[in-house]
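See structure below.
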Amino acid sequence: MENIINTYQNRIKAMGFKPRRKEDVPVVMDVYCEALANAKIEGLELLADDHAFCLLLVETEIPVDVAINLAQEYNRDVLSRQKIAA
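If you count by this note's numbering, then the sequence shown holds residues 2 to 87, one letter each, in order.
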C-alpha cells in the first residue's frame with residue numbers, strides 16, 4: 002500500500018489551485034504550532050506522518066480552504082487504515 006504522505010503529495014500535485022500569498026505563511030505556521038500545542042494538551046500524540054502531512058500543506062502553499070478539506074480527508078484515511086490494521 003502506498004505511503005499515506007505520498008498519496009497526498011500526488012493528489013496535491015494533481016490539483017489546480019492558486020497558492021496562498023507568501024505573507025500568509027507565518028500565519029499558517031502559527032496555526033500549525035497552535036494545533037500541535039492543543040493536541041498535546043488533549044493528550045494526543047501526533048505521529049511522524051501527521052507532522053509530515055501538516056508540513057506538506059504548509060510547504061505546498063495550499064490555500065486554507067483546500068487544506069482544511071484535505072486535513073479532514075487525511076484524518077478519515079488514517080482512522081480507516083487503523084481499523085483495517087486492527
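Beta carbons are placed, not taken as given, at the ideal position from N, Cα and C, and that holds for glycine.
Using a threshold of 8 Å, state whether the C-beta atoms of residue i and residue j are closer than that.
i: L56; j: Y9; result: no
i: P64; j: R12; result: no
Could you give the first and the last residue of the continuous alpha helix (DSSP H) run that contains residue i?
i: T8; result: I5 to A15
i: I63; result: Run containing I63: none; DSSP gives neither H nor E here.
i: E46; result: No alpha helix (DSSP H) holds E46; DSSP gives it neither H nor E.
For residue i, which residues in the same chain have their Cβ closer than 6 Å to its Cβ, ignoring the five residues on either side in sequence?
i: V29; result: V59
Here's the rule I'm using: 16 or more other beta-carbon atoms within 10 Å means buried, otherwise exposed. How should residue i be labelled?
i: L80; result: exposed
i: A68; result: buried
If you drop the 5 nearest sequence neighbours on each side, which residues of the same chain put their C-beta closer than 7 Å to that of residue i?
i: D50; result: I5 and I6
* To do: Count the C-beta pairs between the region 40–47 and the region 4–15 that are closer than 8 Å, then say yes if the count reaches three, no if not.
  => no
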